[in-house]
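Residue numbers (full-length UniProt numbering), protein chains in the order written: chain A, 1 to 393; chain B, 1 to 380. Ideal Cβ placement from N, Cα and C applies to all residues, glycine included.
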Amino acid sequence: MTDPDELRRRTRALLDAHDPTGTDRLDFLRARYDAGLAWVHFPHGHGGLGAPRALQAVVDTELAAAGAPDNDPGRNGIGLGMAAPTILRYGTEEQKERFLRPLWTGEEVWCQLFSEPGAGSDLAALATRAVRDGDTWVVDGQKVWTSSAHNARWAILIARTDPDLPKHRGITYFVCDMTDPGVEVRPLRQITGEAEFNEVFLTGVRVPDAHRLGGVGEGWKIAQTTLNNERVAIGGQRAPREAGMVGKVATTWRERPELRTHGLHRRLLSGWVGAEVARLTGERLRQQLTAGHPGPEGAGTKLAFARLAQELSGLEVELLGEEGLSYDDWSMRRPETVDFTGREAGYRYLRAKGNSIEGGTSEILRNIIAERVLGLPAEARTDKDVPWKELAR
Amino acid sequence: MTDLLYSEIEEELRSSVRALLADRSPHQAVLARCETAEPYDRKLWRTLARDLGAASLAVPEETGGAGASVREVAVVLEELGRAAAPTPYLGSSVLAGTALLALSGDEGADELLAALASGERTATLAVPLSTAPGTPRGAGFPAAVRADSAGTLTGTVTSVADVGTADVLLVPAEGRDGPGLYAVEISAAALTVAPRTSLDLTRPLFDIALTGTAARRLAGPDRAPAALERAVLTGAGLLASEQLGLAEWCLESTVAYLRERRQFGRTLGSFQALKHRLADLWLDVVGARAAARYAAGTLADGDPDAPVAVAVAASHCGDLAVRAAEECVQLHGGIGMTWEHPAHLYLKRAKADQIALGTPDRHRTALAGLVDLPEPAPTA
Chain A
1 MTDPDELRRR TRALLDAHDP TGTDRLDFLR ARYDAGLAWV HFPHGHGGLG APRALQAVVD
61 TELAAAGAPD NDPGRNGIGL GMAAPTILRY GTEEQKERFL RPLWTGEEVW CQLFSEPGAG
121 SDLAALATRA VRDGDTWVVD GQKVWTSSAH NARWAILIAR TDPDLPKHRG ITYFVCDMTD
181 PGVEVRPLRQ ITGEAEFNEV FLTGVRVPDA HRLGGVGEGW KIAQTTLNNE RVAIGGQRAP
241 REAGMVGKVA TTWRERPELR THGLHRRLLS GWVGAEVARL TGERLRQQLT AGHPGPEGAG
301 TKLAFARLAQ ELSGLEVELL GEEGLSYDDW SMRRPETVDF TGREAGYRYL RAKGNSIEGG
361 TSEILRNIIA ERVLGLPAEA RTDKDVPWKE LAR
Chain B
1 MTDLLYSEIE EELRSSVRAL LADRSPHQAV LARCETAEPY DRKLWRTLAR DLGAASLAVP
61 EETGGAGASV REVAVVLEEL GRAAAPTPYL GSSVLAGTAL LALSGDEGAD ELLAALASGE
121 RTATLAVPLS TAPGTPRGAG FPAAVRADSA GTLTGTVTSV ADVGTADVLL VPAEGRDGPG
181 LYAVEISAAA LTVAPRTSLD LTRPLFDIAL TGTAARRLAG PDRAPAALER AVLTGAGLLA
241 SEQLGLAEWC LESTVAYLRE RRQFGRTLGS FQALKHRLAD LWLDVVGARA AARYAAGTLA
301 DGDPDAPVAV AVAASHCGDL AVRAAEECVQ LHGGIGMTWE HPAHLYLKRA KADQIALGTP
361 DRHRTALAGL VDLPEPAPTA
């Protein structure tokens with residue numbers, strides 16, 4: 001299935017059978033999934049048609065023009081961007097059958113139980129344990145920075161199943177039911193005042209072995225699939241000029257001539273150039289993907305995004321002067337979607353601080369670029385061959 | 001959105017140019033020539049311009065060219081930047097070539113353009129290399145040279161590139177009826193050409209003095225300012241590709257060095273402090289490629305976004321190339337400070353290129369007008 005016309009025909013057939021204006025939203029999304037038009041590069045029967053990923057744009061364009069509902073991707077970013085590709089690659093047929101459809105339609109939101117208070121960038125140092133007890137695993141530990149945990153039905157979870165092995169081995173990958181006894185989600189209030197993330201405490205949680213993804217001890221390898229997909233999901237969309245943070249500050253500049261100073265003008269223009277260069281880099285990456293020759297540029301997309309978002313949001317607060325001394329609202333909320341540019345300048349400034357930490361810190365990304373793209377030697381590692389239980393923590 | 005990738009033909013062109021430069025213009029040869037009276041290897045230039053057809057790429061077939069576009073010219077510039085090769089490509093094929101192309105239909109301009117395209121003759125545009133695009137008509141047209149009623153020129157132009165190999169100078173001059181573009185033979189009487197001691201050893205600059213010098217007018221007030229503006233805009237946009245190639249060489253050679261060199265019992269490249277600097281540099285090189293391709297593409301397509309694209313590419317790539325060359329010198333340690341290592345050729349070229357055809361700061365200032373981000377009002 002590589003023919004755009006055939007995809008267009010199938011999309012129109014879906015629209016003919018389910019008029020988006022008269023069909024229940026969920027019914028429409030389910031029908032779209034069943035027609036293989038959810039993610040066209042997935043296999044038949046799992047929301048796709050085995051088509052090239054680039055052809056998704058053909059479907060999306062037709063559906064958007066017809067006013068069809070979307071699956072609210074911002075609400076289930078972890079599910080769509082991280083859990084789905086991992087389940088597709090490593091899941092059993094039963095797991096794919098059970099999880100993928102309600103994940104895509106948004107009926108079931110997912111979260112990710114990876115990071116821990118003692119294992120952030122050094123994720124492989126994780127201490128949450130899973131001990132086998134017949135057909136189930138008993139999980140104990142604490143996770144942190146879990147976005148969407150308060151809305152999530154399911155989680156992807158990595159836990160240590162053999163502490164006698166070095167840290168990268170002895171980790172196993174599971175799907176965890178967030179409604180199970182022993183799962184406790186506590187809001188984690190952040191720098192912005194809201195609780196977008198959570199702490200998750202796991203106490204004697206019983207995960208059936210049928211919810212193990214891949215082999216025992218293969219968790220680290222599988223987690224790499226998840227994390228690589230996370231970075232793809234964060235970059236890569238097509239954006240118009242002045243999208244995002246640069247648009248916010250440029251609008252303020254245009255509308256408020258009394259705030260302008262020469263120093264800020266220089267910084268604004270530098271930031272504008274940086275944002276446009278980043279946009280063109282993304283566009284070039286997209287063209288490479290469409291041509292079937294993905295380049296290494298994607299490795300830097302998130303790094304560039306974080307740098308720009310921080311620079312421009314900081315500039316905007318400064319530009320606002322006295323208004324920049326105020327904040328829109330400190331009350332603790334638990335938002336359902338991630339929104340980097342919503343609310344006011346102070347929020348944007350503070351939220352952007354997370355852009356260089358979440359989903360791999362900028363320092364880790366620089367290591368990845370230096371080692372995998374430039375081929376520089378790895379950092380000296382003192383803990384590589386030491387059993388996990390003997391590591392200083 | 002214009003195509004930001006390279007076509008197969010462009011990749012073939014790149015390979016030919018790279019192979020030629022590796023064979024005929026290695027760093028030792030450039031270093032050996034750069035302090036002599038002949039920094040440019042004329043035989044290499046003939047091969048590049050004539051045999052590889054690099055001089056004719058953007059010239060239409062009916063004028064004796066290859067009928068390609070400035071996209072291909074940009075690829076040649078990437079390779080020239082990567083090799084820090086001394087050739088008059090910028091002055092002759094880009095600046096003079098674009099000005100003549102803008103005058104297409106004029107017999108004298110077409111004839112000269114065909115001669116440049118064939119590699120038979122070489123020219124340059126007689127403006128200071130620091131001239132920036134976007135200067136308003138009238139105030140911007142250089143008035144340094146005046147044309148009298150007999151059509152002879154008087155005046156001086158300083159810091160002109162690629163005069164040393166030029167057969168013809170294209171001189172902007174103010175006549176009684178307004179601005180014009182004139183062709184002056186380098187052999188003309190009453191023309192003096194004085195070499196400057198240039199920061200960039202691989203692109204020496206000259207001051208020219210005209211004292212009633214015989215000239216042929218190619219265009220008058222109706223076409224000359226637009227042709228000059230087009231040449232400078234195109235030059236600035238394509239110089240970004242030279243800067244990209246230059247930065248790529250600096251990054252690659254530094255990475256290669258840090259993978260070999262050991263200190264403190266470790267390979268230097270395994271130190272995080274150095275890896276992070278190179279990762280950041282790589283990211284800016286990746287951005288430079290996208291920006292330079294976009295500038296070349298919009299110039300080739302006649303896209304109205306070209307002035308914005310050029311300002312973005314010129315300001316990003318100009319600063320990036322300098323940073324790449326500075327990092328190259330610094331991370332090579334003591335060896336980076338020596339004359340025998342080529343790093344200094346790149347640093348000098350990068351710093352001069354940063355000023356050439358508008359500094360990054362000037363391009364950002366131009367951008368303010370183009371994208372409606374006005375400067376603050378003057379304080380009372």
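Residues bridged to residue i [DSSP beta-bridge criterion]
{"i": "W154/A", "result": "W110/A, D177/A"}
{"i": "Y182/B", "result": "V171/B, R217/B"}
{"i": "K143/A", "result": "V200/A"}
{"i": "P26/B", "result": "None; P26/B has no bridge partner."}
{"i": "R160/A", "result": "R129/A, I171/A"}
{"i": "W137/A", "result": "R132/A, V207/A"}
{"i": "I369/A", "result": "None, per the DSSP bridge assignment."}
{"i": "L210/B", "result": "G155/B, L191/B"}
{"i": "E116/A", "result": "A119/A"}
{"i": "P166/A", "result": "P387/A"}
{"i": "T105/A", "result": "DSSP output for T105/A lists no bridge partner at all."}
{"i": "Q263/B", "result": "R266/B"}
{"i": "L205/B", "result": "A161/B"}
8 Å contact criterion, which residue i and residue j should meet: CB distance rounded
{"i": "A54/B", "j": "S93/B", "result": "7 Å"}
{"i": "R366/A", "j": "D280/B", "result": "7 Å"}
{"i": "A194/B", "j": "D207/B", "result": "5 Å"}
{"i": "G45/A", "j": "A38/A", "result": "At roughly 11 Å, the Cβ-Cβ gap does not stay under 8 Å, so G45/A and A38/A are not in contact."}
{"i": "L90/B", "j": "D162/B", "result": "7 Å"}
{"i": "L116/B", "j": "A96/B", "result": "7 Å"}
Boundaries of the alpha helix (DSSP H) in which residue i is found, first to last residue
{"i": "V249/A", "result": "245-255"}
{"i": "residue 434/A", "result": "No statement about residue 434/A is possible, as the shown extent of chain A runs from 1 to 393 and does not include it."}
{"i": "P73/A", "result": "Note, P73/A: premise wrong, no alpha helix (DSSP H); not H, not E."}
{"i": "R71/B", "result": "70-83"}
{"i": "A109/B", "result": "107-117"}
{"i": "A231/B", "result": "224-260"}
{"i": "T365/B", "result": "360-370"}
{"i": "T131/B", "result": "No alpha helix (DSSP H) contains T131/B, which DSSP labels as neither H nor E."}
{"i": "T124/B", "result": "Note, T124/B: premise wrong, no alpha helix (DSSP H); beta strand (DSSP E) at 123-125."}
{"i": "E316/A", "result": "298-320"}
{"i": "V216/A", "result": "Taken as a continuous stretch (DSSP letters only), V216/A belongs to no alpha helix (DSSP H), as it is neither H nor E."}
{"i": "F28/A", "result": "25-34"}
{"i": "R10/A", "result": "4-17"}
{"i": "K43/B", "result": "42-46"}
{"i": "T98/B", "result": "97-102"}
{"i": "D60/A", "result": "56-65"}
{"i": "residue 414/A", "result": "Past the edges of chain A, shown from 1 to 393, lies residue 414/A, and the structure says nothing about it."}
Span of the beta strand (DSSP E) around residue i
{"i": "G155/B", "result": "152-161"}
{"i": "E184/A", "result": "183-188"}
{"i": "T92/A", "result": "Element bounds for T92/A: n/a, residue is neither H nor E."}
{"i": "L191/B", "result": "191-195"}
{"i": "A130/A", "result": "129-133"}
{"i": "R146/B", "result": "145-147"}
Residue ranges of each alpha helix (DSSP H) run of no fewer than 4 residues wholly in the region 301-347 of chain B, ordered along the chain? 306-331
Residues of the region 256-267 of chain B with a CB closer than 8 Å to any CB of chain A: list them in chain order, please. With the criterion set as a beta carbon lying under 8 Å from some beta carbon of chain A, the members of the region 256-267 of chain B are L258, R259, R266, T267, in sequence order.
Contacting positions in the region 285-310 of chain A - beta carbon closer than 7 Å to chain B: For the region 285-310 of chain A, which is checked against every Cβ of chain B, the residues closer than 7 Å are Q287, Q288, A291, E297, G300, L303, A304.
Got a sec: which bits of the region 297-322 of chain B sit with their beta carbon under 7 Å from any beta carbon on chain A, in order along the chain? V312, S315, H316
Between the region 39-70 of chain A and chain B, which residues of the former have a C-beta closer than 9 Å to a C-beta of the latter? none
Under 9 Å, CB to CB, which of the residues in the region 347-377 of chain B have a partner in chain A? P360, D361, H363, R364, T365, L367, A368, V371, D372, L373, P374, E375, P376, A377
Residues in the region 260-281 of chain A having any Cβ partner in chain B nearer than 9 Å: R260, T261, H262, L264, H265, R266, L268, L269, S270, W272, V273, G274, E276, V277, A278, R279, L280, T281
Give, in chain order, every residue of the region 364-378 of chain A whose Cβ lies closer than 9 Å to some Cβ of chain B. L365, R366, N367, I368, I369, A370, E371, V373, L374, G375, L376, P377, A378
May I ask you to list, following chain order, the residues of the region 247-261 of chain A that have a beta carbon less than 8 Å from some beta carbon of chain B? A250, W253, R254, P257, R260, T261
Determine which residues of the region 232-253 of chain B have a Cβ less than 7 Å from any Cβ of chain A, and write them out in chain order. none
Contacting positions in the region 311-335 of chain A - beta carbon closer than 8 Å to chain B: none
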